[in-house]
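**Student:**
Numbering (our numbering), first residue to last: 7 to 824.
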């Protein structure tokens, strides 16, 4: 395809040069030069002349000839191939002994063996990122050796023994070419910050295909596609592969020293199970960056990306619902934001904008995940049409590029929003970071050469530093790997709130999708013109430039954020000391939230109309981000309260005389009710009366005379009602309303921990709780049953988490981490 480049129209613009600083080289190739203004891709192939002039750490170690470059590459490739063949032969003869001897060792003995094989192996995952000496000339060789394999560490390899066994299998089974792009990606940071001790030659190296490893004249298009890699970085990648092969060979020889051949049937069985026990991954795992180097060679699986985006969209939609229906939660969030040290030092407009970003974060995430799902499925269909010959290669490659651009924009926004969330963390002792945008404490040692950094603070700071634009040379997956390694421990998980953890999981999902597209798609870089982008967006979704529409944030659209936030400020001023004020506080809080989100919807609608979009397009867009609070909300809540009071009055005598009789009988069927969910904090999404809250076609609730006897349980314990599974649909955008994930919460009353007791008393006889701060478990269950809910079980200190099937793409229920 023909690549469209964004070149500068400024006649004084000079394209950056990537030659040697001395402008001398004995080579048949000419130095690389990129004509695309602001290109960051070519900086990952060579070091610009301006970098070399700025500091000695960016200068090349030497300038080598073409013949020496060819010899060096061939020597490294042959060395790695020989070592891996030796490892494969040892596994064929001693596979069973390899498993037995490595697994039976204690963690301490595994660490001792790893130290004997690689004395300079780091202690923790990616610890080289935050625990390194200051760069000096004599230290660069040491840095070079350490940085070649940044994913190897004593902690993970000793605690998860099957990881190393998995690496032995997949590295010997797959060719070096299949791993080359992954291994080059791991060297992004050390290459760009001067930690690698590398040589210069103007040639590029073929990165895939039959000519893999051959020298070739550098071309801009091939470099942007990563078909070729500049020789400086390619040479470091070949060296990393040779070093890893040498490590695996020495490890196997040391482990199996003096052991006779015992067969490999157990080894083959472990391989057949796909090393299922090699990972410690779970649905709550923050990032898969720690597992990627030890499994199969990474590839781009659009189906897996789609499932991940759907799951994150469901979580964002749930967060949006809670932000629209739970005034206590919103009040608590804004209170923490108002007391944030970072926000206190901002001017008034900046603080208001940050408050809005905090409030609108779930809305923006929901919007953008919808758009990303559109684009991902368009890429899948484009690939099928291109294979069938329906569309041209250019159309197919443009769809990939549009998805990449949307992911990159969204990733920058997520990392920017992380700044305000981290600043709100009460557990952090904030110290201004030298880089400015983030916080993390630094403890200097006596020699002032080494410094100790808390990895959680450090990684959060670096993620904030990324920003929506500009060069960023830290690998997102490596930073997320640091956080995942630390926060996977129970003692460390409580250091950050659920809100920050959810934001990190969104960042991880988008980052992994972006890295997968960059490294394993046929078109990895380039520029779409504005017209191409608008036409392609319109063809996909019916709108041109969804990205523009998603940017309705505090800084761009809401010119006067204080007017939008005005109703919410009243939440801080409402009294909450007495029981009577709690009722007023909840009611006024709901009114304030309704006013805020209604105003947000109005502003979005007006902005779309003023931008020239048709009413039908605007309605379709707004329906994709529908505000859950509708005009029916207050009417439904009033009718439900009246019905509940009538039920309470009718059962008061029975409840007082015999609590067990009040809950006897058969509860309503699960299919007849709208579900409730709970968290250990006491939050309920309660649907009291099915005839009032349900859809028009829902069946009538069962008679109150047929009740099921419920066992006596302790009081003051949260309950959870049965939640039906949302039906899966082939096209979620066209699914009926009752089959959508949003309908899980249609017409529900959100009860926070502060107003939990209030709503319990609303649905129980007044005589039951008079003079006491709580009610009996039996009476509460009876109230729920008469309200149209069937109590399934209670939660005692446990967590009802968000459960999703990655295969069926369904969501059952949501909760919060404890």
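Cβ atoms here follow ideal geometry from the backbone N, Cα and C, with glycine treated the same way. All values reported here derive from a predicted model rather than from experimental measurement.
(1) Output the distance between the C-alpha atoms of residue 66 and residue 518, rounded to the nearest integer angstrom.
(2) Return the CA-CA distance between residue 470 and residue 461, expressed in angstroms with no decimal places.
(3) Please classify residue 110 as buried or exposed, where buried requires at least 16 other C-beta atoms within 10 Å of its C-beta.
(4) Hey, residue 209 and residue 226: beta-carbon distance below 8 Å or not?
(5) Might you give, ordered along the chain, the residues of its own chain that have their beta carbon closer than 7 Å to the beta carbon of residue 319, omitting 5 neighbours on each side?
(6) Please report the distance separating the alpha-carbon of residue 348 from that of residue 507.
(7) Within 10 Å of its beta-carbon, does residue 80 have 16 or more other beta-carbons around it, so buried, or fewer, so exposed?
(8) Quick check on residue 249: buried or exposed, where buried means 16 or more other Cβ atoms within 10 Å of its Cβ?
(9) CA-CA distance, residue 269 and residue 114?
(10) Residue 511: buried (16+ other C-beta within 10 angstroms of its C-beta) or exposed?
(11) State the Cα-Cα distance for the pair residue 155 and residue 189, rounded to the nearest angstrom.
(12) State whether the segment 350-367 contacts the segment 415-427, with contact taken as three or more CB pairs (one from each stretch) at a distance under 8 Å.
(13) Buried or exposed: residue 351, going by 16 or more other Cβ atoms within 10 Å of its Cβ?
(14) Would you check if the segment 318-333 and the segment 290-299 touch, i.e. whether three or more CB-CB distances between them fall below 8 Å?
(15) Identify every residue that forms a DSSP beta bridge with residue 335.
(16) When DSSP labels each residue in this structure, what does residue 710 get in the three-state scheme?
(17) Jot down the residue ranges of each uninterrupted beta strand (DSSP E) in the segment 177-220, minimum 3 residues, whole runs only, in chain order.
(18) From residue 102 to residue 300, what does the alpha carbon distance come to, in whole angstroms?
(19) Excluding the 5 residues flanking residue 172 on each side, which residues of the same chain have their C-beta closer than 8 Å to its C-beta?
(20) Figure out for me which residue from 134, 254, 152 has the closest Cα to the Cα of residue 170.
(21) What residues in its chain sit with their C-beta under 6 Å from that of residue 405, if we drop five residues either side in the sequence?
(22) Output the distance between the C-alpha atoms of residue 231 and residue 261, rounded to the nearest integer angstrom.
(23) Mind checking whether residue 382 and residue 312 have CB atoms under 8 Å apart?
(24) What is the residue span of the alpha helix (DSSP H) that residue 419 lies within?
(25) Could you give the uninterrupted runs of the alpha helix (DSSP H) lying entirely in the segment 86-141, keeping only those of 4 residues or more?
(26) In this structure, what does DSSP give as the bridge partners for residue 23?
(27) To the nearest whole angstrom, what separates the beta carbons of residue 358 and residue 571, a pair I think is in contact under 8 Å?
(28) Buried or exposed, going by whether 16 or more other CB atoms sit within 10 Å of the CB of residue 236?
(29) Looking at C-alpha atoms only, which residue of 94, 499, 611, 516 is the closest neighbour of residue 179?
(30) When DSSP labels each residue in this structure, what does residue 367 get in the three-state scheme?
(31) Is residue 28 buried or exposed, if buried means 16 or more other CB atoms sit within 10 Å of its CB?
(32) Could you give the distance in angstroms between the alpha-carbon of residue 273 and the alpha-carbon of residue 175?
(33) Could you give the distance in angstroms between the alpha-carbon of residue 344 and the alpha-carbon of residue 494?
(34) My guess is that residue 193 and residue 150 are in contact by the Cβ rule of under 8 Å, so how many angstroms apart are they, rounded?
(35) Rounded to a whole number of angstroms, what is the C-alpha to C-alpha distance between residue 400 and residue 78?
**Tutor:** In brief:
(1) As a working note, residue 66 is residue 60 in the chain shown. As a working note, residue 518 is residue 512 in the chain shown. Using only the alpha carbons, I get a separation of about 32 Å.
(2) Your numbering for residue 470 matches position 464 in the chain shown. Your numbering for residue 461 matches position 455 in the chain shown. Roughly 14 Å between the two C-alpha positions.
(3) Taking the first residue of the chain shown as position 1, residue 110 is located at position 104. So residue 110 counts as exposed.
(4) Position 203 of the chain shown, counted from the start, is the residue given in the question as residue 209. Position 220 of the chain shown, counted from the start, is the residue given in the question as residue 226. The answer is no: Cβ separation not under 8 Å.
(5) As a first step, residue 319 is located in the chain shown; it is residue number 313 there, counting from the start. Hits under 7 Å: 372, 375, 376, 379.
(6) Taking the chain shown and counting its residues from 1, the one referred to as residue 348 is at position 342. Taking the chain shown and counting its residues from 1, the one referred to as residue 507 is at position 501. Their backbone Cα atoms lie some 20 Å apart in a straight line.
(7) For this step, residue 80 is matched to residue 74 along the chain shown. Under this definition residue 80 is an exposed residue.
(8) Position 243 of the chain shown holds residue 249. So residue 249 ends up on the buried side.
(9) Position 263 of the chain shown, counted from the start, is the residue given in the question as residue 269. Position 108 of the chain shown, counted from the start, is the residue given in the question as residue 114. Roughly 28 Å between the two C-alpha positions.
(10) Reading the chain shown from its first residue, position 505 is the one you call residue 511. Its Cβ being crowded by 16 or more others within 10 Å, residue 511 is buried.
(11) Taking the first residue of the chain shown as position 1, residue 155 is located at position 149. Taking the first residue of the chain shown as position 1, residue 189 is located at position 183. Each residue's alpha carbon lies about 9 Å from the other.
(12) yes
(13) Looking up residue 351 in the chain shown gives position 345. Residue 351 should be labelled exposed.
(14) no
(15) Sequence index remark: in the chain shown, residue 335 carries index 329 (1-based). BP columns for residue 335 are empty, so no partner.
(16) Residue 710 sits at position 704 when you count from the first residue of the chain shown. Confidence is the limiting factor: at residue 710 the pLDDT is only 35, short of 50, which leaves the residue's position unreliable and the question unanswerable from this model.
(17) 210-212
(18) In the chain shown, the residue the question calls residue 102 occupies position 96. In the chain shown, the residue the question calls residue 300 occupies position 294. So the two alpha carbons sit approximately 20 Å from each other.
(19) For this step, residue 172 is matched to residue 166 along the chain shown. Once the five neighbours on either side are set aside, the close Cβ partners of residue 172 are 281, 284, 300, 301.
(20) Counted from its first residue, the chain shown places residue 170 at position 164. The shortest Cα separation from residue 170 among 134, 254, 152 belongs to 254.
(21) Stepping through the chain shown from its first residue, residue 405 is reached at position 399. If we look at residue 405 and ignore the five residues flanking it on each side, its Cβ neighbours are 384, 385, 388.
(22) Counting from 1 along the chain shown, the entry for residue 231 is found at position 225. Counting from 1 along the chain shown, the entry for residue 261 is found at position 255. Residue 231 and residue 261: Cα-Cα distance of roughly 42 Å.
(23) Start at 1 with the first residue of the chain shown, and residue 382 comes out as number 376. Start at 1 with the first residue of the chain shown, and residue 312 comes out as number 306. Yes. Within cutoff.
(24) Within the chain shown, residue 419 is the residue found at index 413, counting from 1. Where residue 419 is concerned, the enclosing alpha helix (DSSP H) stretches over 399-429.
(25) 113-123
(26) Translated into positions along the chain shown, residue 23 becomes position 17. Residue 23 is bridged to 39.
(27) Working through the chain shown from its first residue, we reach residue 358 at position 352. Working through the chain shown from its first residue, we reach residue 571 at position 565. That pair is a contact at about 6 Å.
(28) Here residue 236 corresponds to residue number 230 of the chain shown, with the count starting at 1. So residue 236 ends up on the buried side.
(29) On the chain shown, position 173 is the one that residue 179 refers to. Cα-wise, what sits closest to residue 179 is 94.
(30) Position 361 of the chain shown, counted from the first residue, corresponds to residue 367. Correct three-state label for residue 367: helix.
(31) For the purposes of this step, residue 28 is taken as the residue at position 22 of the chain shown. Exposed, since its Cβ has fewer than 16 Cβ neighbours within 10 Å.
(32) As a working mapping, residue 273 is identified with position 267 in the chain shown. As a working mapping, residue 175 is identified with position 169 in the chain shown. Those two C-alpha atoms are separated by around 10 Å.
(33) For this step, residue 344 is matched to residue 338 along the chain shown. For this step, residue 494 is matched to residue 488 along the chain shown. If you take the alpha carbons of residue 344 and residue 494, they lie about 30 Å apart.
(34) As a working mapping, residue 193 is identified with position 187 in the chain shown. As a working mapping, residue 150 is identified with position 144 in the chain shown. That belief does not hold up - the Cβ atoms of residue 193 and residue 150 are roughly 10 Å apart, past 8 Å.
(35) If you number the chain shown from 1, residue 400 lands on position 394. If you number the chain shown from 1, residue 78 lands on position 72. Looking at the two C-alpha atoms, the distance is approximately 37 Å.
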